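> Sharing a structure below in structure tokens format, with a few things to ask.
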Amino acid sequence: MDENAIRRAITRITYEILEQNRGADQLCIIGILSRGVVLAERIAKKIFELEHVKVDFSALDITPYRDDRTADTPHTAKSNIDFSVQDKRVIIVDDVLYTGRSCRAAIDAILSLGRPQSMQLAVLVDRGHRELPIRPDYIGKNVPTAQTETVRVFVNEIDGIDSAAIYQN
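Numbered per the working numbering, the sequence shown spans residues 11 to 179.
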């Protein structure tokens with residue numbers, strides 16, 4: 011995906027979110043660190059552009075909730091969610107969906123903050139190979155991959171370029 015394809019995908023995802031939720035009422039958007047945060051912020055800005063509604067937006071560090079983290083591994087959480095998720099429609103945003111484990115960790119982290127009305131998942135790239143029964147609600151692009159491949163998303167705010175590409179391991 012090049013810059014234009016990513017921009018179109020973000021626009022399409024935003025329209026789908028607004029259509030599915032009948033507007034922006036009670037929406038909040040939470041991006042998974044690090045590139046999911048950038049994509050989530052772009053969606054929040056697009057919602058404001060289209061609906062003139064400022065939705066709550068925040069970053070989520072899922073590290074403390076990962077199932078591959080040992081209890082003795084030190085970690086300082088970098089989440090800064092300063093709004094209530096109680097009874098909100100939470101849109102979780104990530105760059106690449108692979109096994110589903112990051113999304114499961116995000117769900118656990120959000121549930122530790124309250125009980126949302128619903129949680130929905132938006133991803134820029136769905137590459138398949140799920141290990142958990144998790145399915146995105148909004149997808150920028152489905153990209154069939156082999157287990158030996160990696161999908162990397164680059165965003166201008168972090169990497170100086172917008173693109174997504176498949177690499178051989």
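We treat Cβ as the ideally placed atom computed from N, Cα and C, and that holds for glycine.
Note that this is a predicted model, so its numbers are computed, not measured.
Val-103 and Gly-33 look like a contact to me (Cβ under 8 Å); what is the Cβ gap, rounded to whole Å?
Val-103 to Gly-33, Cβ: 18 Å. No contact.
> Let me check one thing: in DSSP terms, what residues is Thr-160 bridge-paired to?
Bridge partners of Thr-160: Tyr-177.
> What span of residues does the beta strand (DSSP E) with Ala-152 cover, start to end?
Correcting the residue identity first, residue 152 is Asn in this sequence and not Ala. That run of the beta strand (DSSP E) goes 148 to 152.
> Using CA coordinates, which residue listed in Arg-79, Thr-24 and Ala-69 is at the minimum distance from Lys-55?
Comparing Cα-Cα distances from Lys-55 to each of Arg-79, Thr-24 and Ala-69, the minimum goes to Thr-24.
> Measure the C-alpha to C-alpha separation of Gly-170 and Met-11 and round it to an integer number of angstroms.
Those two C-alpha atoms are separated by around 15 Å.
> Could you tell me the alpha carbon to alpha carbon distance between Ile-149 and Ser-122, rounded to whole angstroms?
Using only the alpha carbons, I get a separation of about 26 Å.
> What ranges does the beta strand (DSSP E) occupy inside the stretch 28 to 76, keeping only unbroken runs of at least 3 residues that lie completely in it?
Those beta strand (DSSP E) runs which fall completely within the stretch 28 to 76 and span 3+ residues are 37 to 42 and 66 to 70.
> Taking the C-alpha atoms as reference points, what is the distance between Gly-46 and Arg-114?
Roughly 15 Å between the two C-alpha positions.
> Considering only the alpha carbon of each residue, which of Val-135, Leu-28, Ile-101 and Tyr-75 lies closest to Leu-107?
Out of Val-135, Leu-28, Ile-101 and Tyr-75, Val-135 has the C-alpha closest to the C-alpha of Leu-107.
> Any idea if Ala-119 is buried or exposed, counting beta-carbon neighbours within 10 angstroms, 16 or more meaning buried?
The residue in question, Ala-119, is buried, as its Cβ has 16 or more Cβ neighbours within 10 Å.
> In or out: Lys-98 buried (at least 16 other Cβ within 10 Å) or exposed?
Per the 10 Å Cβ criterion, buried.
> Only counting the same chain, and skipping five residues up and downstream in sequence, which positions put a Cβ closer than 8 Å to that of Thr-109?
So the qualifying residues of the chain are His-139, Arg-140, Glu-141 and Leu-142.
> What's the gap between the Cα of Leu-43 and the Cα of Asp-66?
Each residue's Cα considered, the two are about 16 Å apart.
> Let me make sure I understand the geometry here. Which of Glu-159, Ile-176, Asn-14 and Ile-53 has the alpha-carbon closest to that of His-38?
Sequence check: residue 38 is Cys here, not His. Per the Cα distances, Ile-53.
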